[in-house]
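Enquirer: Numbering-wise, the sequence shown is residues 55 to 494 according to our numbering. One structure coming up, written as structure tokens, with questions to follow.
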Amino acid sequence: MGVAKHRRNLCFGSILCLFSMFSRGQVLPAKAGPEPVLTLAQAEAIAIAHQPMILAARARARAASERTSEQRAGFMPTLNFNSTGVLVADSGTATAAGALTTSSISDRFAYGGTLVQLVTDFGHTSALVSSARASAQAANDQAILTGAQIRLNVRDAYFQVLGAEAVLRAAQEAQANRQLILKQVTALAQSQLRSTLDVNFAGVLESQAELAVVKAQAAVEEQRARLATAMGEDQPISAPLTQEPLPQPLPPTPQGLLTEALQDRADLNEARANQLAAEKFATAEKRLSYPSLNVIGAAGQIPYRDHTLQGDYAAAGFNLDIPVFNGGLFAAQRREAAQNAAARERDVQQTALEVNEQVRDSWYEAQAAFRSLAVTQRLVAQSREALRLAQARYNAGLGSIVELNEAQLNETSAEISAADATYTYLSRRAALDYAVGLLN
55 MGVAKHRRNL
65 CFGSILCLFS
75 MFSRGQVLPA
85 KAGPEPVLTL
95 AQAEAIAIAH
105 QPMILAARAR
115 ARAASERTSE
125 QRAGFMPTLN
135 FNSTGVLVAD
145 SGTATAAGAL
155 TTSSISDRFA
165 YGGTLVQLVT
175 DFGHTSALVS
185 SARASAQAAN
195 DQAILTGAQI
205 RLNVRDAYFQ
215 VLGAEAVLRA
225 AQEAQANRQL
235 ILKQVTALAQ
245 SQLRSTLDVN
255 FAGVLESQAE
265 LAVVKAQAAV
275 EEQRARLATA
285 MGEDQPISAP
295 LTQEPLPQPL
305 PPTPQGLLTE
315 ALQDRADLNE
325 ARANQLAAEK
335 FATAEKRLSY
345 PSLNVIGAAG
355 QIPYRDHTLQ
365 GDYAAAGFNL
375 DIPVFNGGLF
385 AAQRREAAQN
395 AAARERDVQQ
405 TALEVNEQVR
415 DSWYEAQAAF
425 RSLAVTQRLV
435 AQSREALRLA
445 QARYNAGLGS
455 IVELNEAQLN
465 ETSAEISAAD
475 ATYTYLSRRA
485 ALDYAVGLLN
């Protein structure tokens with residue numbers, strides 16, 4: 055009754071104020087347009103576009119893709135331009151074996167080019183290309199995983215802001231209620247219908263409610279700053295956030311989610327790509343002991359020369375390189391690569407175990423949070439009814455202010471618990487989506 059009368063008085067006073075302003079010819083100031091709201095999808099898009107972490111991951115992925123071109127260059131011919139001058143040479147000097155020569159060493163100045171084309175190295179270069187391609191895919195999977203982590207961080211921070219604002223609203227409602235009770239108790243005490251003890255107690259409760267509002271406001275600002283960091287912004291987010299609907303109900307068991315996670319998790323795909331890269335590199339190391347065959351050509355001119363040389367030259371041939379002995383270097387490299395490939399295989403198995411655990415844990419946590427929604431809603435309804443009865447008993451002089459305060463605390467706590475349950479469930483569903491690989 056007291057709350058309704060108070061609201062009617064405020065409404066009536068506002069109408070009189072507006073009527074007085076219009077009678078004096080005053081004009082109400084124009085209202086500014088509503089501040090644009092920030093949806094969860096917009097927050098994620100901003101983060102994906104501006105977060106330094108994802109930009110760095112993408113740059114590393116592009117850098118890794120260039121290694122494939124580096125290894126593929128072994129299949130392409132190489133062409134070099136040379137310019138050589140011999141000022142003094144002993145008569146009759148000639149070069150030794152090991153290179154394609156055009157003349158004996160004589161006084162001359164010559165320029166020309168050399169062309170080298172790999173014919174075959176029995177799969178060594180192709181294995182290196184495959185290893186580099188798999189490494190590039192692993193780097194790309196790492197960039198995808200980074201994007202999923204950023205989206206998870208944004209969702210968690212977004213829901214934390216909404217939860218903090220819900221707590222703030224509950225605290226503000228409790229403060230307004232206690233302020234009203236303080237005014238009522240003060241008026242009753244002045245009429246000697248209540249004791250000054252009730253007034254002092256109501257004042258303490260009102261101060262506690264004000265302190266709770268201050269703390270809730272600080273929590274909102276803190277969570278908004280955290281959201282800005284998750285989005286890659288250097289200024290706190292001030293735009294209003296939209297309420298997100300509850301997702302679809304959870305599946306009855308996590309088994310289907312496990313199958314999906316083993317296919318879609320970016321970190322598991324990265325581990326598999328690294329394993330493939332290690333296996334291909336081990337294959338390349340095995341083929342180091344194989345021969346390699348190159349076709350070689352050289353051509354040029356000799357504008358300054360002695361009488362024993364012609365004015366230009368050209369030659370073509372081949373070079374077969376057969377490794378014989380190098381102190382066990384190739385054997386050690388081969389064993390090292392094989393052990394690294396075996397370790398990568400174990401990494402895949404360990405990552406699969408971790409994915410399995412994460413999906414199950416996330417599903418259980420989300421299931422528990424979902425079940426708490428109905429409990430907290432029922433608790434809110436019960437606490438509101440208890441507060442209504444306590445208020446009626448106090449107004450009738452049958453209850454104490456301590457009883458009324460206890461009912462208020464219970465109602466505020468229930469409201470906060472309900473808000474916390476809702477946004478905890480949303481956060482845990484986001485963690486489950488990440489564990490399954492749906493945020494890629």
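Where a beta carbon is used, it is the ideal one built from N, C-alpha and C, also for glycine.
Cβ of residue 409 versus every heavy atom of the ligand HEM: is any distance shorter than 8 Å?
Expert: Judged by which ligands are present, the structure shown has none, so any question about the ligand HEM falls away.
Enquirer: Out of curiosity, what's the CA-to-CA distance linking residue 331 and residue 389?
Expert: Here residue 331 corresponds to residue number 277 of the sequence shown, with the count starting at 1. Here residue 389 corresponds to residue number 335 of the sequence shown, with the count starting at 1. So the two alpha carbons sit approximately 16 Å from each other.
Enquirer: Tell me which residues share the same chain as residue 482 and place their Cβ nearer than 6 Å to its Cβ, disregarding the 5 neighbours each side in the sequence.
Expert: As a working mapping, residue 482 is identified with position 428 in the sequence shown. Correct list, in chain order: 419, 420 and 423.
Enquirer: Could you give the C-beta distance for residue 470 and residue 221, rounded to a whole number, given that I count them as a contact under 8 Å?
Expert: Counting from one through the sequence shown, the residue named residue 470 turns up at place 416. Counting from one through the sequence shown, the residue named residue 221 turns up at place 167. Correct: roughly 5 Å between the Cβ atoms.
Enquirer: Taking the continuous beta strand (DSSP E) assigned at residue 366, which residues delimit it?
Expert: One-based indexing of the sequence shown puts residue 366 at position 312. Note, residue 366: beta strand (DSSP E), 366-375.
Enquirer: With distance defined between alpha-carbon atoms, name the residue in 269, 307 and 204 nearest to residue 229.
Expert: As a position in the sequence shown, residue 229 is number 175, starting the count at 1. Among 269, 307 and 204, the Cα nearest to that of residue 229 is on 269.
Enquirer: Within its chain, find whatever has a CB closer than 8 Å to the CB of residue 282; leave out the 5 residues flanking it on each side and keep chain order.
Expert: Counted from its first residue, the sequence shown places residue 282 at position 228. The answer, listed in chain order, is 288, 289, 290 and 291.
Enquirer: Which ranges does the alpha helix (DSSP H) cover as unbroken runs of at least 4 residues, wholly within the segment 206-272, from first to last along the chain?
Expert: With a minimum length of 4 residues, no continuous alpha helix (DSSP H) run stays inside the segment 206-272.
Enquirer: For residue 537, I'd like the list of residues in its chain whose CB is within less than 6 Å of its CB, leaving aside the five on either flank, ordered along the chain.
Expert: Outside the shown range of the chain, which is 55 to 494, sits residue 537, and nothing can be said about it.
Enquirer: Could you tell me if residue 70 is buried or exposed, where buried requires 16 or more neighbouring beta carbons within 10 angstroms of its beta carbon?
Expert: For this step, residue 70 is matched to residue 16 along the sequence shown. Residue confidence for residue 70 is low, a pLDDT of 32 falling below 50, so the modelled location carries little weight and cannot support an answer.
Enquirer: Are there three or more Cβ pairs, one per stretch, closer than 8 Å when the segment 383-402 is compared with the segment 441-455?
Expert: At 8 Å Cβ cutoff, the stretches do not touch.
Enquirer: Alpha carbons only, please: which of 350, 391 and 490 is nearest the one belonging to residue 371?
Expert: Residue 371 sits at position 317 when you count from the first residue of the sequence shown. It is 350 whose Cα lies nearest to the Cα of residue 371.
Enquirer: Short check: CB of residue 487 to CB of residue 321, under 9 Å?
Expert: Residue numbering aside, residue 487 sits at position 433 when the sequence shown is read from its first letter. Residue numbering aside, residue 321 sits at position 267 when the sequence shown is read from its first letter. Taking 9 Å as the Cβ cut-off, residue 487 and residue 321 do not qualify as a contacting pair.
Enquirer: Excluding the 5 residues flanking residue 56 on each side, which residues of the same chain have their C-beta closer than 6 Å to its C-beta?
Expert: For the purposes of this step, residue 56 is identified with residue 2 of the sequence shown, where counting begins at 1. At residue 56 the pLDDT is 40, less than 50, meaning the model places this residue with poor confidence; the figure from the coordinates comes in the next sentence. So the qualifying residues of the chain are 238.
Enquirer: Determine the direct distance from the alpha carbon of residue 90 to that of residue 80, and round the result to whole angstroms.
Expert: Counting from one through the sequence shown, the residue named residue 80 turns up at place 26. Counting from one through the sequence shown, the residue named residue 90 turns up at place 36. In this prediction, residue 80 scores a pLDDT of 42, lower than 50, which makes its location untrustworthy; no coordinate-derived value is stated.
Enquirer: With DSSP as the reference, please indicate the residues paired to residue 358 in a beta bridge.
Expert: Your numbering for residue 358 matches position 304 in the sequence shown. Per DSSP, 163.
Enquirer: Three or more C-beta pairs closer than 8 Å, one from the segment 163-174 and one from the segment 339-349: is that the case here?
Expert: Judged by Cβ distances under 8 Å, the segment 163-174 makes contact with the segment 339-349, as three or more pairs qualify.
Enquirer: Can you list, in chain order, the residues of its chain with a C-beta nearer than 8 Å to that of residue 264? Leave out the 5 residues immediately preceding and following it.
Expert: Along the sequence shown, one-based indexing puts residue 264 at 210. Excluding positions up to five away in sequence, the list reads 229.
Enquirer: Nearest by alpha-carbon distance to residue 342: which of 410, 375 and 384 is it?
Expert: Walking along the sequence shown from the start, residue 342 turns up at place 288. It is 384 whose Cα lies nearest to the Cα of residue 342.
Enquirer: Hey, out of 475, 167, 396 and 310, whose CA is closest to residue 132's CA?
Expert: Stepping through the sequence shown from its first residue, residue 132 is reached at position 78. Looking at the Cα atoms, 167 is the closest of the given residues.
Enquirer: Would you be able to state if there are at least three C-beta pairs under 8 Å between the segment 183-200 and the segment 423-440?
Expert: Result no; under three Cβ-Cβ pairs closer than 8 Å.
Enquirer: Look at the Cβ atom of residue 225, then the Cβ atom of residue 267, and state whether they are nearer than 9 Å.
Expert: Within the sequence shown, the letter at position 171 stands for residue 225. Within the sequence shown, the letter at position 213 stands for residue 267. Yes, these two residues count as a Cβ contact at 9 Å.
Enquirer: Hey, residue 183 and residue 126: beta-carbon distance below 9 Å or not?
Expert: As a position in the sequence shown, residue 183 is number 129, starting the count at 1. As a position in the sequence shown, residue 126 is number 72, starting the count at 1. Yes, they are a contact pair.
Enquirer: Take residue 366 and list the residues in its own chain whose beta-carbon comes closer than 6 Å to its own, dropping the five residues that flank it on each side.
Expert: Taking the sequence shown and counting its residues from 1, the one referred to as residue 366 is at position 312. Same-chain partners within the cutoff: 355.
Enquirer: Identify whether residue 296 lies in helix, strand or coil by the three-state DSSP scheme.
Expert: Taking the sequence shown and counting its residues from 1, the one referred to as residue 296 is at position 242. DSSP places residue 296 in coil when its eight states are reduced to three.
Enquirer: State the Cα-Cα distance for the pair residue 164 and residue 139, rounded to the nearest angstrom.
Expert: As a first step, residue 164 is located in the sequence shown; it is residue number 110 there, counting from the start. As a first step, residue 139 is located in the sequence shown; it is residue number 85 there, counting from the start. Looking at the two C-alpha atoms, the distance is approximately 6 Å.
Enquirer: Counting only the same chain and skipping the five closest in sequence on each side, list residues whose C-beta sits under 6 Å from that of residue 461.
Expert: The residue labelled residue 461 in the question sits at position 407 within the sequence shown. So the list reads 440, 441 and 444, once near-sequence residues are dropped.
Enquirer: Return the residue from the list 274, 244 and 235 that minimises the CA-CA distance to residue 255.
Expert: Within the sequence shown, numbered from 1, the residue matching residue 255 stands at position 201. Closest option to residue 255, Cα to Cα, is 235.
Enquirer: State the DSSP-derived secondary structure class of residue 450, mapped to helix, strand or coil.
Expert: Start at 1 with the first residue of the sequence shown, and residue 450 comes out as number 396. In this structure, residue 450 counts as coil in the three-state DSSP scheme.
Enquirer: Assuming residue 216 contacts residue 297 under a Cβ cut-off of 8 Å, what Cβ separation, rounded to an integer in Å, is found between them?
Expert: Numbered from 1 along the sequence shown, position 162 holds the residue referred to as residue 216. Numbered from 1 along the sequence shown, position 243 holds the residue referred to as residue 297. Right, their Cβ atoms sit about 7 Å apart.
Enquirer: Taking the DSSP output, what are the residues bridged to residue 352?
Expert: Residue mapping note: residue 352 aligns to position 298 of the sequence shown, counting from 1. Per DSSP, 168 and 369.
Enquirer: What is the residue span of the alpha helix (DSSP H) that residue 106 lies within?
Expert: As a position in the sequence shown, residue 106 is number 52, starting the count at 1. Per DSSP, residue 106 belongs to the alpha helix (DSSP H) from 106-126.
Enquirer: Please work out which residues of its chain come closer than 7 Å, Cβ to Cβ, to residue 478, disregarding the five sequence neighbours upstream and downstream, and give them in chain order.
Expert: The sequence position of residue 478 within the sequence shown is 424, counting from 1. Here the set comprises 423.
Enquirer: Start and end of the alpha helix (DSSP H) containing residue 329?
Expert: If you number the sequence shown from 1, residue 329 lands on position 275. It spans 320-340 - the alpha helix (DSSP H) in which residue 329 sits, taken as one unbroken run.
Enquirer: Might you give, ordered along the chain, the residues of its own chain that have their beta carbon closer than 7 Å to the beta carbon of residue 151, omitting 5 neighbours on each side?
Expert: Counting from 1 along the sequence shown, the entry for residue 151 is found at position 97. With a pLDDT of only 44 at residue 151, under the threshold of 50, the placement of this residue in the model should not be trusted, and no figure is reported.
Enquirer: Can you tell me which of the three DSSP states residue 429 falls into?
Expert: As a position in the sequence shown, residue 429 is number 375, starting the count at 1. Three-state result, residue 429: helix.
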